[in-house]
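Reviewing the structure listed below.
Residue numbers (our numbering): 236 to 946.
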């Protein structure tokens, strides 16, 4: 609709409300429809100026969800009234002009009822809003264990971490961090504090007034103090004298950009009881807020002729921000089993550097970064580095990057390999300093070393196959063996990408998006498992080109030592078998395993259910049916990578032990040339109404050898 039609619709909608009348007709003024209304609602009689953008129902430029300004400067001080006198509420976005305007009128009337008439007090504390001036300064702080007394004052240290400009003509934005008080530091990490100290520190003043600095009115309005003389009710004479003398006594270390920082502290409620909040006042060196006045003869005490007073000058407020750890990560962090752990991250390449950022953004407090390599130009497109990092140490570059994200993480960089020290010393160091090892190196030397020491923490190896088709996670024990097997099963082709000319190791092909997609899924899964169960098994995340979906398979591993053979089967497949056996209980039932072979080990990919069989309480006979055709189809589709592996069946209410019939059947399979498997697999499951237990056996040298489950 055009502007004239919109103007007429606004008047029509407002006139249709029985509690509102138009006092000044709406007109088009620049980019707004402007008018004045009188609201007579629940015995409240209020004049409200209204500004509606001509782009309505869209929100105002540079505003998240504010469209209409309902304005009356006499309302300043009421809850949910902005410092400029506009009513503060956040309506839902709506593309329908009439529906949204009616909803905003309802919102205005709701504010009148709750905060003007009933004078509702919100459970959540509303911070005071002050006019700010000069350069935009934000002083960040954390909750501090120091105990404060009313009218106590002193000094604090702070550092300027960054200076930014939004636009060429805008003032500077200074980001300052309070380091703490003489006897109590703020809760930044040591790494972050060291970084702040390298930028130089400044000294400021603090004063604890105990109660918020506001002017209260009989009608429940409250507004922030705006002039210095309004602070007489909060400051002692001793502090006013101290401040006055400071103009002569404070050296240049007390001033930043010729301004002295003064923090005003007071208690505010929180979820538990209360916390101390701090407001920032900036005092220009050229405009100190104190002066002296002559004391009349009759008022003099001890012959003092002059006294210090506060001027009527406007206070220049800065901004403050409590970013205590619980607030900083209030929108989401990892479980305590991760955040409170001391983490060693091995390998700071494409996988490790991006994992490090996810961990830090999830609230990690301590992380050691280990990598002996430097950043190359080829790393930039998919690892967590930028152009200025080229040629620099990966751990050091990553450390600097992570300190820009969280002020609560302690970061340590190690530019040497684990094999640079003897195993006894390494074992001692790891057990004393690390609770979790994330290994992103895909270096078999790392798993070999950890297999040969007694690391008491949790080991998590993460690796990605070529083209990011899979992410493989190995944990627990027998790390080298399990890693070799799982990569052998899933690595469809070897990484053959060589960067540049000359000698070098090949690397896998995968984009930044591919890598981070897999890492995010893996870390979400690990976090959830550790939060609920405090443990998890080896798993593989596989990507399907057909469906575009990712699937997580938990793998349980079994080992047969005499034949030096391993089995890997997913929990989903075991659950599927259990469901089939429960369905046929109390009769026996069974089927066929298909999977991949790597050297002497087996990955069970799926089960096939027979369509022709005979079963009873103690009998199961599988007939060929369509099984042979299905097996051939799987073989052809996977180009021979997935093959027949063996059989599975149940012993209802019996032990999962092989009978002589089972042994004879396995012998026959091993000797049948058309089946082409000399050591078939057999799983026997004990099934009852309350129990499911499965044993795996391998037919080897004319006997069935049992597998044992691994950790």
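Note that the Cβ used here is the ideal one computed from N, Cα and C, for glycine as well.
Do the CB positions of residue 798 and residue 940 come within less than 8 Å of each other?
yes
Rounded straight-line distance, which links the Cα of residue 327 to that of residue 352
24 Å
Measure the alpha-carbon distance for residue 733 versus residue 585 and round it to whole angstroms.
Its pLDDT being 49, under 50, residue 733 is placed unreliably by the model, and nothing is read from it.
Cα-Cα separation between residue 736 and residue 651, rounded to whole angstroms
Legend: pLDDT at residue 736 = 46, less than 50; position of this residue unreliable, no value from coordinates given.
If you run the structure through DSSP and keep just helix, strand and coil, what is residue 1017?
Because the chain in this structure spans residues 236 to 946, residue 1017 falls outside the shown range and cannot be described.
Which runs of the alpha helix (DSSP H) at least 4 residues long sit entirely within the stretch 482 to 568? Give them in chain order.
560 to 563
Expressed to the nearest angstrom, what Euclidean distance is found between the alpha-carbon atoms of residue 464 and residue 262?
42 Å
Just mark residue 404 as buried or exposed, buried being the case when its beta carbon has 16 or more other beta carbons within 10 Å.
exposed
Determine, using beta-carbon pairs with one atom in the stretch 307 to 323 and one in the stretch 446 to 463, whether at least three such pairs fall under 8 Å.
yes
Near residue 636, what residues of its chain come up, given a Cβ to Cβ distance below 7 Å and the 5 sequence neighbours on each side ignored?
619
Whole-angstrom C-beta distance between residue 395 and residue 336, which should lie under 8 Å:
Contact doesn't hold; Cβ gap of about 46 Å is too wide.
Hey, which unbroken runs of the beta strand (DSSP E) at 3 residues or more fall wholly within the stretch 299 to 342?
304 to 306
Go through its chain and collect everything with a Cβ distance to residue 644's Cβ below 8 Å, but skip five positions before and after it.
424, 426, 427, 595, 599, 600, 601, 602, 637 and 638
Is it true that the stretch 506 to 514 meets the stretch 526 to 534, where meeting means three or more beta-carbon pairs spaced less than 8 Å apart?
no
Can you list, in chain order, the residues of its chain with a C-beta nearer than 7 Å to that of residue 238? Leave out the 5 residues immediately preceding and following it.
263 and 289
Cross-strand partners of residue 271 (DSSP beta bridge):
259 and 284
Rounded to whole angstroms, how far is the Cβ of residue 855 from the Cβ of residue 828, which I believe are closer than 8 Å?
Not a contact, Cβ separation roughly 15 Å.
First through last residue of the beta strand (DSSP E) which encompasses residue 372
371 to 376
With residue 648 as the anchor, note down where its alpha helix (DSSP H) starts and where it stops.
No alpha helix (DSSP H) contains residue 648, which is instead part of the beta strand (DSSP E) from 645 to 649.
Measuring CA to CA, which of 680, 625, 332 and 274 is closest to residue 243?
332
If I follow the unbroken alpha helix (DSSP H) through residue 595, where does it start and stop?
585 to 596
Quick check: the Cα distance between residue 751 and residue 298, rounded to an integer number of angstroms?
32 Å
With DSSP as the reference, please indicate the residues paired to residue 601 in a beta bridge.
577 and 645
Going along the chain, which residues of its own chain have a beta-carbon closer than 6 Å to the beta-carbon of residue 695, five neighbours each way excluded?
673 and 710
Whether residue 833 touches residue 723 by CB criterion (8 Å):
yes
Are the beta-carbon atoms belonging to residue 821 and residue 893 less than 8 Å from one another?
no
Which same chain residues, not among the five before or five after residue 726, have their C-beta less than 6 Å away from its C-beta?
700
Mapping DSSP to helix, strand and coil, what is residue 733?
Unreliable placement is indicated for residue 733, whose pLDDT of 49 sits below 50; the coordinate value is still reported in the next sentence. Of the three classes helix, strand and coil, the one that applies to residue 733 here is coil, per DSSP.
Measuring straight from C-alpha to C-alpha, what distance separates residue 255 and residue 305?
13 Å
Looking only at C-alpha atoms, which of 885, 944 and 399 sits nearest to residue 927?
885
Let me check understanding here. Comparing Cα to Cα, which of 772, 489, 415 and 912 lies closest to residue 831?
912
Mapping DSSP to helix, strand and coil, what is residue 752?
helix
Could you give the DSSP three-state label for residue 837: helix, strand or coil?
strand
Sequence-distant residues of the same chain with beta carbon closer than 7 Å to residue 746, five excluded per side:
617
Opening and closing residue of the alpha helix (DSSP H) in which residue 631 lies
629 to 638
Cβ-Cβ separation, residue 411 to residue 375 (assumed contact under 8 Å), whole Å
7 Å
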